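Participant:
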Amino acid sequence: MKILVINAGSSSMKYQLIDMEDESVIAKGNCERIGAGGHFKHTTGDGRVYETDVVMNNHTEAFVQIKNALLSDEYGVIKNLDEVSAIGHRIVQGGALFSESVIVNEDVIKGIESLIPLAPLHNAAHVQGIRACLDVFGTEVPEVVVFDTAFHSTMPPKAFTYPVPYEYYEKYAVRRYGFHGTSHRYVSQRCAELMGKDIKDVKMITCHLGNGSSITAIKGGKVIDTSMGLTPLDGIMMGTRTGSLDPSVVTFIAEKEGFTPSEMDTLLNKKSGFLGISGVSSDDRDVTAAAESGNERAKLAIDILEYQILKYIGSYTAALGGVDAIVFTAGIGENQCSHRINVCDQLAYMGVKVDAELNAKATRGVEGKISTPDSTVDVFVIPTNEELVIARDTMALVQK
Ligand code: ADP
47 MKILVINAGS SSMKYQLIDM EDESVIAKGN CERIGAGGHF KHTTGDGRVY ETDVVMNNHT
107 EAFVQIKNAL LSDEYGVIKN LDEVSAIGHR IVQGGALFSE SVIVNEDVIK GIESLIPLAP
167 LHNAAHVQGI RACLDVFGTE VPEVVVFDTA FHSTMPPKAF TYPVPYEYYE KYAVRRYGFH
227 GTSHRYVSQR CAELMGKDIK DVKMITCHLG NGSSITAIKG GKVIDTSMGL TPLDGIMMGT
287 RTGSLDPSVV TFIAEKEGFT PSEMDTLLNK KSGFLGISGV SSDDRDVTAA AESGNERAKL
347 AIDILEYQIL KYIGSYTAAL GGVDAIVFTA GIGENQCSHR INVCDQLAYM GVKVDAELNA
407 KATRGVEGKI STPDSTVDVF VIPTNEELVI ARDTMALVQK
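Now the structure itself:
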């Protein structure tokens, strides 16, 4: 069975075609700058690459590019479109409506649309992606939606309720939802496998550190708390996002500078974090390099990030009543070994010991345990694979 996984953004659309026989990626690619010119790149599992500037006015035109590439004589990987058994879509916000993946029908699309106020950029683009997919692939290919928020739906009210007047939860569903759930789910399951334990018996903290970052506390396979909130702005500092702040910082700056809510939103989401502190870049590699060559603000940005990761691990260890495993994943978690060791060295008080050599080796897609055999907590680097989770859920639902 071959499954097409789609991640539709407002101006981009990423895809992977996965062969579920061996879970290998047969082809993958990205449509960029949809609606503003257009750039398309398609790579096959056996290394053929097709890349071109091509006008894509909307998501339907982007899907036509994907379809043509998959079927192409030179760069294709299938002979006929009906070889694609099902399509799985990544959806950012499932709100309180969706606690698990579901097969797409008109009610599901309406449900995703009704959540647009909670994720304006993302959910609107996902709906465009689903509709475009229906246009190009037709209604006979089943489509499934997999939600970033779903894995966090097990959080108890004490973890997801914000202490603002309760009427705003009732009126607008303002609460913590959490994001990157598909990634936290994948690495937590993989972590239990690597430990050779039933996930029901493991307490773990998973650190998804990328351009967007979130940290999650998982007990017996169920999320009890996570750092992102109503939107992916909450939690630890990120590439361009603030993470958690005293809310008065927002009203204070807005008043001083005369910023509108939308201008504040841009400042908090796009101009803060690594970029805002360092003034160098939003990219961890650039900021780390600048810090190493003596840039004080870049060094401060790194110190803040590591300190915040450390504090989250400490507080989630308390929330879990102890921790058996810590997992690092995503661009920074999988590659920036200096942050991992700097954080873990400060956890020595609770018996965490990381092997410097194993830590240095675990980069660029290498999976493995980086803690020493006598460490009281197992520490892992596990490359995430959200597309595979989406493909597995899609297969399971269409086979039902
Ligand atoms: P996104 O949230 O956009 O999916 P990623 O998970 O790709 O982000 O993470 C991007 C971050 O990871 C950047 O800050 C970058 O510096 C870091 N990163 C990505 N790849 C590498 C790498 N090979 N080596 C070091 N850092 C990397």
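Numbering (the numbering used here), first residue to last: 47 to 446. Note that CB positions come from ideal geometry on N, CA and C, so glycine has one too. Bear in mind that the values here come from a model prediction, so they are computed numbers and not experimental data.
1) Identify every run of the alpha helix (DSSP H) within the segment 384–413, keeping only runs that are complete inside it and at least 4 residues long; order them along the chain.
2) Buried or exposed: residue 153, going by 16 or more other Cβ atoms within 10 Å of its Cβ?
3) Would residue 278 be called buried (16 or more neighbouring beta carbons within 10 Å of its own) or exposed?
4) For residue 106, which residues in the same chain have their Cβ closer than 7 Å to its Cβ, ignoring the five residues on either side in sequence?
5) If distances are taken between C-alpha atoms only, which option among 418, 393, 411 and 397 comes closest to residue 403?
6) By Cβ distance, which residues of its chain are closer than 6 Å to residue 309, with the 5 residues on each side in sequence left out?
7) State yes or no: is the C-beta of residue 228 within less than 8 Å of the C-beta of residue 64?
8) Per DSSP, which one or two residues make a beta bridge with residue 262?
9) Quick check on the DSSP output: the alpha helix (DSSP H) that includes residue 190 runs from which residue to which?
10) Which residues in the same chain have their Cβ closer than 8 Å to the Cβ of residue 355, if we skip the five residues on either side of it in sequence?
11) Around the C-beta of residue 489, are 16 or more other C-beta atoms found within 10 angstroms, so that it is buried, or is it exposed?
12) Between the segment 333–341 and the segment 298–307, can you find at least three pairs of beta-carbon atoms closer than 8 Å?
13) Does ligand 2 have even one heavy atom less than 7 Å from the beta-carbon of residue 376?
14) For residue 62, does the three-state DSSP call read helix, strand or coil?
15) Using the C-alpha atoms, what's the distance from residue 71 back to residue 168?
16) Measuring CB to CB, does residue 257 end up less than 8 Å from residue 377?
17) Can you tell me whether residue 452 sits near ligand 1, meaning its C-beta is under 7 Å from at least one heavy atom of the ligand?
18) Within the continuous alpha helix (DSSP H) that includes residue 353, where are the two ends?
19) Quick one, which of 195, 62, 276 and 396 has its alpha-carbon nearest residue 144's?
20) Of all the options 298, 425 and 285, which has the alpha carbon lying nearest to the alpha carbon of residue 331?
21) What did DSSP end up calling residue 286 once you bin it into helix, strand or coil?
22) Could you check where the beta strand (DSSP E) with residue 53 kicks off and where it finishes?
Facilitator: The relevant details are as follows:
1) 402–407
2) exposed
3) buried
4) 178, 181 and 182
5) 418
6) none
7) no
8) 252 and 272
9) Per DSSP, residue 190 belongs to no alpha helix (DSSP H); it is in the beta strand (DSSP E), 189–193.
10) 253, 255, 261, 282, 385 and 389
11) Nothing can be reported for residue 489: it is not among the residues displayed for the chain, which extend from 47 to 446.
12) no
13) You won't find ligand 2 in this model; what it holds is ligand 1.
14) strand
15) 25 Å
16) yes
17) What the structure shows of the chain is the stretch from 47 to 446, and residue 452 is not part of that stretch, so it cannot be assessed.
18) 342–366
19) 195
20) 285
21) coil
22) 48–54
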